[in-house]
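Everything on this sheet refers to the single structure shown next.
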C-alpha cells in the first residue's frame, strides 16, 4: 500500500505542500508574503483566529483568555505574550489584542507589571486540578509526611522506597549517610567552567551525541582514574552514566540477558544497591562481611556467578577488603565470576593509606562503577562504568536505550573541573571539613552514646554504631527501627542498620556526618542518646 | 551471627576506630595532631609512604612517578600535584618531593609550566592500552567509519544502531531529521539563568532529590503545557525524564509489568521509538498511516492494547491526526486502550493552526511525552511524562530505579527559562529561522529533484520526499538505501525512508532542514539529485 502518496496534511488545514515539488517555489513565495515567521494561529492557548466570528475578534480573544484564567491554564502570575507578538501570530491588528487585554484589566484579572509585561493577577476561585484526588497511600511512596513521624516508615517490614520517603520528610538534623558537605559545592568554579563550556561548545555538541558520553569527559575520567585510583583505561572503554544507581541497573540488565539471574551482595550492604538489582529481576544472594571484608568462601559456597561489593570502604561497616580476600576474590573471578566494584567513596580517607581499586589489578575481570555523588554532589547524577571488553557492546546498547546518553553541559563542565585540577583541589578542601566533622561526631558519640561500638570511621562520609546489651548483662531486644523512629519524632534522621541488613543482626544506626555543621552533629547524637535511654527504660 | 562486632578496619591499616566510643576522643586528638586534613598517603597514584625504604624516600617517589609515566597512568600533559600538597599528604618534607620532581625534570620527563604547575612533557614510547585490542566489528556499532562510506550501514537489513552509526560518520552536509537549529542555542540566556540558579540553590538542592524531578521544573512544565499545549495538570503528576527516549523505555517497562506486551506503532514511524519499545521486550504491531493520521480501524483490528503515536505532526509523513480519527482513537481508549502521545515537535508550525494535544482532551486516557530536544537541544536530555493517575506510582518507581531522577542544574535552569518567558521568545526566534530554511529546502527540491513528492512541510523540522517512477512509466526498483549511500559517499547524510517503515513501501528520504544554513540545503539536495540520476541511469 502506498501510504505516502496519501500521507499529506489535509487541505482543510491550509497546507499545500503535498503537491509535487514543482509547486514548491510558488508556495514559498506565498509563505514569504504572509506574516514573516509566525505560523497561523498562536501556540499560546492554541488560539486559532479562524474560530473567531468576523467582526468579533476582540470579544472572542477576551473570552478565550477569561476561560484560561478560570480553568487554571493561566494561573495568577502567568505572563501574557506581548500584544505585538500575539497580534502577529494571530494576524490581527495590535488593537484587537490591546483591547482584549484592556477588558481583562478592567475586570481586575490581569495587569501591566512594567518590565515583566502583562500578568494574571486574580482568578475566580476554582478547585485545583486533582489537588484532592490524590490517594493518600501514594503520598507515602512519594515521600509526604506519614501519619505520625516515622510510624509508617519504620513500622512496616516493607523497605521499598523507605530511603526516598525518609529523605522527603522534614527534619531539624539529617544524619542520613551518603551525602558529602553540600554547602561546599564549588559554585564559583562551576559557573566559570560553564561559561567556558558555553563559549567553546560547537553546535554539534548540542545535538544527539555518543551514548557513551562526551569524549572530553571520558578522557578526563580516564585521567582521574589513573591519577587517583590506579586504573589504566582507554576513553573508548568508559561509559558515562547517571550515577552508580544507573550503572547497577544497566549491569543488572546485561547480566540478566547473559543468563545471570542471581547476584551476590554484601550483608550488611547498601539497601539501595540491592533494590536496584532486584528491580531488574535479580535474585539477591547475601554474603557475610567481617573485618576483612566480603567472605569469599561464603561467596563461592553461595553459587552466584556475579557479586557486587564495595572493597575500598564497605558500606555500611567501613571494612577494607584485605589482601588475602582480594587474592581469593580475583581467583574466583578468574574461574568465571563477575565482580562489580562499587568504588563509592574511595576518595574520602582520614587515617589510612589509599586502597587501589580491584579494577587496577585485573582490568579484564572487573566491572567498575564510580561517580561524582560523593566527590561533588549526588544531584549532578553523573558517574562512570568500565566493563570487561566482552560486555562493552551490550552496555553501550543498554545505555543508548536507557536515555541516549547523559546531558551534555554537566558532562563538559565536569571534564573541565577534572582536567584543570579543580576537582582534586575541591576534594582536598572538603576532606578537611569532613575530617573535622567526623571527629566531632566521635566526640558526640563518646559523650551521648557511651558503650556504643563505632565502626568504619577511618574513611568515608558516615560511620556505623552498634549497641551492645545494656550494663547488667540481660539482652534487651532493642530494635534499631524503634530508635530511628524515636529520633525522627524529635527531628533527627538516621538510617537503622537493619535497613541495610538481609540476615538479622545486632541493632545499630548508620550515621552520616559530612553534610551538616559540628554543633548539629552533637545535638543529633544527643537526641539519639536520650531516645535510646527512653527505649531501654 | 554478629558480623558487626568483627567488621572493623584491620589494625594493620592503622585504624583504631573499632574500639568502644570511650576511646573516640583520644583518637580524635591524635588525628588532629597529625597533618591536618590529609589522610595517610596520597590518592595521587595511591602513594603510600609506608612502602618507601627509610632514607630512600626521594628515590622511591621518583621511581613511582617514572613507572606511572611509563605505563600511561600519567600521559603527556598530565599535571603533578604541587610539591607542598604532595609533601603534606605523604607527611614528608617538601624537599623530598621537589628533589624527586627535579630528577624527572633532568631526565626530560616533566617540566614546570608556570601557572599550570608541573606537567608531564615526554614519555617513553609504549603501546596505548588496548589501542589495538579493539575488534573492528565493535567499531561499527559504536559508529566508526565503515569500510567504504555507507556500505555496512545501508547494505544490511539490520537496523540496530544505524541511526547512531550514521550520526557518528563525518559528513559535509547533514540532512538527518530531528534536530533544531543548534547554532541558535541561547547560550547567553542559559549562562545568565545558571548564574541565578547557582546563587539561589540551597545545599539540599545538591543532594539526592525527588525522583520525579525538581519541583521548580515540574511547576514550570505545567505552566508551559497549559499555555502552549492546552494541557491542565498538577505538578505532582509530572515526571521529569531524560528525553522522550527514556519516557518510552519507562512506559514500556510499566506496561509490560501490567501484562501489556504488544504495542501498536505508526507505519511508517520513528525507527528509534520502535527500537526503544522492542528493547524492553515489546512486540511491535504496525498500523498504517494515511493523510488523516493513524488508521484507527486498523489499530482496533490489530488487537494491541497500547499505541504509540505522534498526533500533532506524524513522523515522518507530517500528517495531522484529524478530528474524526481523534474521536475514534479516544473511543478506543475509553474501551481500555492505552494511548501514548509523543508530542515531539508540536511547537514548530509554519502554515497551519496549532493542534491541541490529545492529553488536553482526555487527561485520564493518555500518556503524554514531550521534551526540550526540538525546542532547545537534544543534548540536554530533558523531557516530561504525564501518565494516568493509576500508573503514576509505577512510573515514579521505574524512574527512581532508572537513575534516581534527572540532574538538578539543567532542570533548574530550564525552569527559569520557562518561567521568565525566554523559552517562548527563543521558540519564536528559531521558528523564523526554521521557516526560512524550510522554504530554501522546498526551492532546492523543486530545482534538483523534479517529480519528487513532498510531504509534511507545513510544520516540524524535516520533510519527507517520495519518488514516483521515472518518466516513461517503467518501475525502476529504486532503493532509497542505495540513494542514501550514494549521497553519503559524497558527504551528504539523510535518512532513507525505508529505515522508518515496517511494511515495505515506495522509496523516499527523510530530510531535516532546520540544523544547517540555506546554502548547504541547496548543495545537499543537489548531491541527492545527481545521485538519483546516476542510480536511475
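Chains as they are written, first to last, in our numbering: chain A, 86 to 622; chain B, 86 to 622. Ideal Cβ placement from N, Cα and C applies to all residues, glycine included.
Just how far apart, CA to CA, sit residue i and residue j?
| i | j | result |
| --- | --- | --- |
| residue 447 of chain A | residue 289 of chain B | 38 Å |
| residue 386 of chain A | residue 587 of chain A | 17 Å |
| residue 232 of chain A | residue 303 of chain A | Residue confidence is low: residue 232 of chain A scores 41 on pLDDT, short of 50, so the model does not pin down where it sits. Its coordinate-derived value is still stated next. If I take the Cα positions, the gap works out to 47 Å. |
| residue 333 of chain A | residue 367 of chain A | 11 Å |
| residue 606 of chain B | residue 350 of chain B | 31 Å |
| residue 381 of chain A | residue 410 of chain A | 7 Å |
| residue 483 of chain A | residue 613 of chain A | 44 Å |
| residue 239 of chain A | residue 293 of chain B | 20 Å |
| residue 347 of chain B | residue 342 of chain A | 20 Å |
| residue 301 of chain B | residue 500 of chain B | 6 Å |
| residue 178 of chain B | residue 184 of chain B | 10 Å |
| residue 327 of chain B | residue 491 of chain B | 7 Å |
| residue 358 of chain B | residue 429 of chain B | 11 Å |
| residue 307 of chain B | residue 489 of chain B | 21 Å |
| residue 136 of chain A | residue 181 of chain A | 15 Å |
| residue 438 of chain B | residue 134 of chain A | 8 Å |
If you measure from the beta carbon of residue i to each beta carbon in chain B, is any gap under 8 Å?
| i | result |
| --- | --- |
| residue 260 of chain A | no |
| residue 486 of chain A | yes |
| residue 441 of chain A | yes |
| residue 361 of chain A | yes |
| residue 339 of chain A | no |
| residue 574 of chain A | no |
| residue 126 of chain A | yes |
| residue 170 of chain A | yes |
| residue 364 of chain A | yes |
| residue 616 of chain A | no |
| residue 406 of chain A | no |
| residue 421 of chain A | no |
| residue 432 of chain A | yes |
| residue 176 of chain A | no |
| residue 255 of chain A | no |
Considering only the beta carbon of each residue, do residue i and residue j sit closer than 8 Å?
| i | j | result |
| --- | --- | --- |
| residue 432 of chain A | residue 454 of chain A | no |
| residue 291 of chain A | residue 291 of chain B | no |
| residue 452 of chain A | residue 470 of chain A | yes |
| residue 542 of chain B | residue 523 of chain B | yes |
| residue 149 of chain B | residue 132 of chain B | yes |
| residue 494 of chain A | residue 547 of chain A | no |
| residue 324 of chain A | residue 280 of chain A | no |
May I ask you to list the residues that DSSP assigns as paired with residue i?
| i | result |
| --- | --- |
| residue 610 of chain A | Paired residue(s): none; residue 610 of chain A is not in a bridge. |
| residue 369 of chain A | A/348 |
| residue 425 of chain B | B/393 and B/452 |
| residue 127 of chain A | A/132 |
| residue 326 of chain A | A/468 |
| residue 36 of chain A | With chain A running from 86 to 622 in the structure shown, residue 36 of chain A is simply not present. |
| residue 142 of chain A | The partner list for residue 142 of chain A (beta bridge, DSSP) is empty, contrary to what the question assumes. |
| residue 337 of chain B | Residue 337 of chain B pairs with nothing; no bridge assigned. |
| residue 375 of chain A | A/378 |
| residue 434 of chain B | B/544 |
Taking only beta-carbon positions, decide if residue i is within less than 8 Å of chain D.
| i | result |
| --- | --- |
| residue 129 of chain A | Absent from the structure: chain D. Protein chains present are A and B. |
8 Å is my cut-off, CB to CB: does residue i come that close to chain A?
| i | result |
| --- | --- |
| residue 493 of chain B | yes |
| residue 139 of chain B | no |
| residue 240 of chain B | no |
| residue 270 of chain B | yes |
| residue 305 of chain B | no |
| residue 584 of chain B | no |
| residue 331 of chain B | yes |
| residue 465 of chain B | yes |
| residue 151 of chain B | no |
4 or more residues per run - each alpha helix (DSSP H) lying fully within the stretch 239–321 of chain A: 247–253, 272–285 and 300–314
Uninterrupted alpha helix (DSSP H) stretches inside the stretch 514–590 of chain B (no shorter than 4 residues): 565–574
Contiguous alpha helix (DSSP H) assignments of at least 4 residues, all confined to the stretch 152–205 of chain A: 168–175 and 179–191
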